[in-house]
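Protein chains in written order, with UniProt numbering: chain S, 1 to 428; chain U, 1 to 428.
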């Protein structure tokens, strides 16, 4: 057996501990598969004294995380997090030192992926990040290699487990968002400051990486239009169900002549679509290719075990000498595309208004839709809330998104509306 | 750009034509991803004069397929089929000539995979077969690389699109097997001699490859217990639905201390399981790993486009210099395991009897179950057929399979039974 692949591990939180535990548990099997042992030799984290449930004395402890780049290792694994700061410094110094770099850090890659991919190519080393998207699900590999023969027409999926946990619990139990969020926080499924997850930022980071891999474009996180699930009501989920849909927060990207389209938004997913059956904290990604058709990758989107599985899969690739290009092609071959105009897209929409219970409201909404050229497929008005407000939900026929935006613009400031309308796209 | 990867293509049927069409259509994109162009230079098939809808004059024509191994190429792609004969000769001579070999031939690999993997290692070339299992779905890569950090506890899935097409049509339309098979044959979804598909042989070939990849065992096709869907009635599907299940032909493999368990059999799949929602000719494979949990890979299981996508994905890997071990580890590291004793397995079962409509039948069945120690969870008896026979369907509590086998043995030859009982396992 050839000599071990030597690893430095930065960050000893849940995932870092999972990586150590995984290599302890499956080490012999992994050595058979990788052709050589994979050995952690140096570690670094903020707090040396913390009990992590595994013997840490066997590893060299490095106080300064960024100094791991100078350790006598082949690969640095970064599980520190943060789009800049120590993680980015470590990435740059590791690649500059001619060592491979493995990370789960979607935020850093969304912002600095192109620079880091160039640095890895210059050094002739690997930059790998399977754990950055969809946890344990090998979807980065699926796009970079498995679907590599295809022009990808569209990539989309459930990229945030916290949101899917909340939405599927709202669906199963008929409860409202705030209520379920509080429970998710108590259970540890949502952060005490949940904004990153529930407002779609985390999914947007991941989507920008998937889009780059799928379309051969430079990661363009700044062009992702992101919205979250804060404003989805239990009543919206019930209306959707009555119409044959489930509500899911989807990240969706398409490349076209008009530019790169990237959006994170709550969608209505037909029950006949596999994503409608993805519940709980599971992640799932669909890639549609011009030869392969629709591919689906699904599994646990977070957690120490799945994420460690993805990190170590990258290490096995590196141990096998399979470095691959970080974004599926050389960094200089990635094109810079501007954002597509969402108004040009055609689709069906669900628009829900909370309205005052008074004469003429429906006529006002219907007139705004008509004047903007929006064709209504169905309209539901349901009971009155305790506060006297009423829900009106509309499903449109297929048409340009611009028309729906114009209709909503016409209704802005109307005394008939209570709060903002909720616009969800229907996955077609 | 470095020099092209030169390909010889054996077999110009549907898939071979798809590979040519794919490289014609996506060639520039593939060259960006692979780092070099992929070029077919030589081809061979039975009939030179046949019109294949693409210009064949640009390729060197080789009359003797097995002579392609001597062509001036880097890789031979075999799409001839057959477990032995020209395909096997070509595989052996290609690898012996120090060229990489890509194939969609599950039957050949199920029978000769170990020998060919050894030959590829000896020659230091690649042996790749993504297209051999689940068409365009990158599940070979998913197991060999994506899930490589895990001890795989179980691998199972819908491996035959023809059977899934038939079962889901029976389910949707309440029609019986023979009727739907005839339609599938008319539509070209089933062969005129459909036995290979509907009796589970094709799925068994694929399962033996998945099991080897998942468990680090030598491919052991001879140890797969295979049954098909011939004896599934529309009434069975209806009973299953009433109980919250869908009927799917699953290949399922597990490794344990008692040996390697491999079975292709119709199963009851709970509607809460993603495989219950896989309809039509789609394939889907689940791998359960000790760290990653449950991974699902899903997509088109056949057809020229998806299969060509998988073949060319293998070629891109080879163009990138990523050869990998054929069965996820060196051939000599694969262990030889005997078959596990199915009787030792514990599970729940669906057993359906067609019975004569007369006094005492239920008592006889119930007594046989009791005497074999089978605990009955539910029993349904439904109406009489035109021929006077009646269906009795039983769902058992969890118990050893041996007990169910013993109960059926006790009832063998009973005058109360019309034809063979149907035993389906319930996916747990």
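For every residue, glycine included, the Cβ atom is placed at its ideal position computed from N, Cα and C.
Here the structure is a predicted model, which means the values were calculated and not measured.
Assign residue i to one of two classes, buried (16 or more other C-beta atoms within 10 Å of its C-beta) or exposed (fewer than that).
i, result
"residue 288 of chain U", "buried"
"residue 324 of chain U", "buried"
"residue 263 of chain S", "buried"
"residue 435 of chain S", "There is no way to answer for residue 435 of chain S, as the model of chain S reaches only from 1 to 428."
"residue 438 of chain S", "Chain S is shown from 1 up to 428; residue 438 of chain S falls before or after that span and cannot be answered."
"residue 173 of chain S", "exposed"
"residue 272 of chain S", "exposed"
"residue 71 of chain U", "buried"
"residue 50 of chain S", "exposed"
Please state whether DSSP places residue i in a helix, a strand or coil.
i, result
"residue 380 of chain S", "strand"
"residue 232 of chain S", "coil"
"residue 369 of chain U", "helix"
"residue 150 of chain U", "coil"
"residue 26 of chain S", "helix"
"residue 101 of chain S", "strand"
"residue 322 of chain U", "coil"
"residue 3 of chain U", "coil"
"residue 207 of chain S", "helix"
"residue 299 of chain S", "strand"
"residue 62 of chain S", "coil"
"residue 424 of chain U", "strand"
"residue 307 of chain U", "helix"
"residue 282 of chain S", "strand"
"residue 361 of chain S", "helix"
"residue 274 of chain U", "helix"
"residue 418 of chain S", "coil"
"residue 239 of chain S", "helix"
"residue 315 of chain S", "helix"
"residue 248 of chain U", "strand"
"residue 336 of chain U", "coil"
"residue 15 of chain S", "helix"
"residue 145 of chain S", "helix"
"residue 374 of chain S", "coil"
"residue 214 of chain U", "helix"
Between residue i and residue j, is the Cβ-Cβ spacing less than 8 Å?
i, j, result
"residue 99 of chain U", "residue 125 of chain U", "yes"
"residue 296 of chain S", "residue 313 of chain S", "no"
"residue 90 of chain U", "residue 235 of chain U", "no"
"residue 478 of chain U", "residue 184 of chain U", "Examination of residue 478 of chain U is not possible in this model, given that chain U is present from 1 through 428 alone."
"residue 442 of chain S", "residue 120 of chain S", "The structure shown has nothing for residue 442 of chain S, since chain S only spans 1 to 428."
"residue 15 of chain S", "residue 104 of chain S", "yes"
"residue 224 of chain S", "residue 208 of chain S", "yes"
"residue 65 of chain S", "residue 218 of chain S", "no"
"residue 191 of chain U", "residue 199 of chain U", "no"
"residue 418 of chain S", "residue 354 of chain S", "yes"
"residue 88 of chain S", "residue 76 of chain S", "no"
"residue 10 of chain U", "residue 60 of chain U", "no"
"residue 258 of chain S", "residue 344 of chain S", "yes"
How far does the alpha helix (DSSP H) with residue i in it extend, from its first residue to its last?
i, result
"residue 108 of chain U", "106-123"
"residue 185 of chain U", "177-187"
"residue 410 of chain S", "401-411"
"residue 346 of chain U", "Per DSSP, residue 346 of chain U belongs to no alpha helix (DSSP H); it is in the beta strand (DSSP E), 346-356."
"residue 94 of chain U", "85-96"
"residue 196 of chain U", "195-198"
Identify the continuous beta strand (DSSP E) that holds residue i and give its terminal residues.
i, result
"residue 291 of chain U", "Segment: none, residue 291 of chain U is in no beta strand (DSSP E) and carries neither H nor E."
"residue 172 of chain S", "That residue, residue 172 of chain S, is in no beta strand (DSSP E); its alpha helix (DSSP H) goes 161-173."
"residue 266 of chain S", "259-270"
"residue 396 of chain U", "389-396"
"residue 44 of chain S", "38-44"
"residue 77 of chain U", "75-78"
The ligand NAD heavy atoms versus the CB of residue i: any closer than 7 Å?
i, result
"residue 328 of chain U", "Absence of the ligand NAD from the depicted structure is noted, as is the absence of any ligand whatsoever, leaving it without description."
When the Cβ atoms of the segment 415-427 of chain S are set against those of the segment 344-354 of chain S, are three or more pairs found closer than 8 Å?
-> yes
Cβ contact (3+ pairs, closer than 8 Å) linking the segment 129-136 of chain U and the segment 215-231 of chain U = no
What residues in the segment 321-333 of chain S bring their beta carbon closer than 9 Å to a beta carbon of chain A?
-> Of the chains in the structure shown, none is chain A; the protein chains are S and U.
Quick one: any contact between the segment 21-33 of chain S and the segment 327-346 of chain U, if contact means 3 or more CB pairs under 8 Å?
-> yes
Would you call the segment 4-18 of chain U and the segment 399-418 of chain S in contact, with 3 or more CB pairs under 8 Å?
-> Counting Cβ pairs under 8 Å, fewer than three are found: no touch.
Three CB pairs or more closer than 8 Å across the segment 242-256 of chain S and the segment 246-257 of chain U = no
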